[in-house]
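Each residue of the sequence shown is one higher than the one before, counting from 106 in our numbering. C-beta: ideal position from N, C-alpha, C; glycine also. Here the structure comes first, spelled out in structure tokens, and everything after it is commentary.
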Amino acid sequence: MADLPYLIDTHAHICDPAFKDDRDDVLARAIAAGIRVIIAVGEDAADAEENLELAERYPVLHPAAGLYPTILDPAAAGAMVDFIRRHRGRLWAIGEVGLDFWVVKEEKERALQREIFIRFIRLARELDLPLNVHSRSAGRHAVQMLLEYRAERVQMHAFDGKISAARPALEAGFCFSVPPSIVRSRQKQKLVRHLPLEKLLVETDSPVLGAEPGERNEPAYLMTAVRAISEIKEIHEEAVLEAVTKNARELYRIRL
Numbered sequence: 106m107a108d109l110p111y112l113i114d115t116h117a118h119i120c121d122p123a124f125k126d127d128r129d130d131v132l133a134r135a136i137a138a139g140i141r142v143i144i145a146v147g148e149d150a151a152d153a154e155e156n157l158e159l160a161e162r163y164p165v166l167h168p169a170a171g172l173y174p175t176i177l178d179p180a181a182a183g184a185m186v187d188f189i190r191r192h193r194g195r196l197w198a199i200g201e202v203g204l205d206f207w208v209v210k211e212e213k214e215r216a217l218q219r220e221i222f223i224r225f226i227r228l229a230r231e232l233d234l235p236l237n238v239h240s241r242s243a244g245r246h247a248v249q250m251l252l253e254y255r256a257e258r259v260q261m262h263a264f265d266g267k268i269s270a271a272r273p274a275l276e277a278g279f280c281f282s283v284p285p286s287i288v289r290s291r292q293k294q295k296l297v298r299h300l301p302l303e304k305l306l307v308e309t310d311s312p313v314l315g316a317e318p319g320e321r322n323e324p325a326y327l328m329t330a331v332r333a334i335s336e337i338k339e340i341h342e343e344a345v346l347e348a349v350t351k352n353a354r355e356l357y358r359i360r361l
């Protein structure tokens, strides 16, 4: 292995206010830890704009734009679709988008959530961009929709569903990203045990989903996820690192 690994954090919220006061230091630590690319996802229009601005200052950031699933606003969704079309040449993904049945309980609201998700799935196909998908408490439903609307380049972010819900996604070629919080999640450990290495990615979801509850997570901690995968699957750490980097490069078409 080289002195520094070549790591790709496939899902992080670098525009989050948690990083407002020390973003330079956070990204310097990430680079020192071997992070070469961070897919900088967003939750709304302000995030999308800021991600583009931050990417101009920090080459390690590869910006994405999306609308968080709990924002049930068709006008905001339409504006985000327009934004993504307008900035297609600068964006690496649509995300994060998807379904959230943990927060959204009412069927009428879930129906609206589905309608918005469909718009982003269709947009991803139109623009040939990856989808960075949130599916909290809605894994099976999200996978069914992605298959129904023929999504092609898909990352299931921090998937919290069962392996039975993941199998159709695997057959369609979708990838699943693993955060550092796997060290305290039996569900994610079980999922990783059953998922093939060639469909795994690593992410931090910074500033959340760290190894310790409540800690501020950051991209520099990405190797925690790599080590956990290595231990669970009993595969050498270097092989895991090589595989998850290869998988991310293929999904996002990242050149070394």
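Inter-residue Cα distance where the pair is residue i and residue j
i, j, result
"A107", "E343", "Here A107 scores only 47 on pLDDT, less than 50, and its place in the model should not be relied on; the value that follows carries that caveat. C-alpha separation (whole angstroms): 10 Å."
"E201", "H192", "16 Å"
"S335", "A229", "32 Å"
"V209", "R215", "6 Å"
"A133", "D149", "26 Å"
"A180", "C280", "30 Å"
"R195", "G278", "25 Å"
"V259", "V238", "7 Å"
"D187", "P273", "31 Å"
"K125", "E155", "12 Å"
"R128", "L356", "27 Å"
"P312", "E231", "31 Å"
"S282", "V297", "10 Å"
Assumed close pair residue i, residue j - CB separation to whole angstroms, cut-off 8 Å
i, j, result
"M261", "S240", "6 Å"
"V142", "H118", "Between H118 and V142 the Cβ distance is about 15 Å, and since that is not below 8 Å, they are no contact."
"G203", "A247", "5 Å"
Buried versus exposed call for residue i [16 or more other C-beta atoms within 10 Å across all chains shown]
i, result
"G139", "buried"
"W207", "exposed"
"H299", "exposed"
"D368", "With the chain covering only 106 through 361, there is no way to say anything about residue 368."
"L234", "buried"
"K295", "exposed"
"H341", "exposed"
"K293", "buried"
"P284", "buried"
"E161", "exposed"
"G319", "exposed"
"I223", "exposed"
"G183", "exposed"
"P122", "exposed"
"P174", "buried"
"A137", "exposed"
"L159", "buried"
CB contact below 9 Å: residue i versus chain B
i, result
"I140", "No chain B appears in the structure shown, which is made up of a single protein chain."
DSSP-derived helix/strand/coil call for residue i
i, result
"T350", "helix"
"I340", "coil"
"R134", "helix"
"P168", "strand"
"K125", "coil"
"I221", "helix"
"T329", "helix"
"D310", "coil"
"L201", "Contrary to the premise, residue 201 reads as Glu rather than Leu in this sequence. Correct three-state label for E201: strand."
"A181", "helix"
"L196", "coil"
"H246", "helix"
"D114", "strand"
Beta-bridge partners of residue i, as assigned by DSSP
i, result
"Q292", "DSSP lists no partner for Q292."
"R360", "BP columns for R360 are empty, so no partner."
"N237", "Q260"
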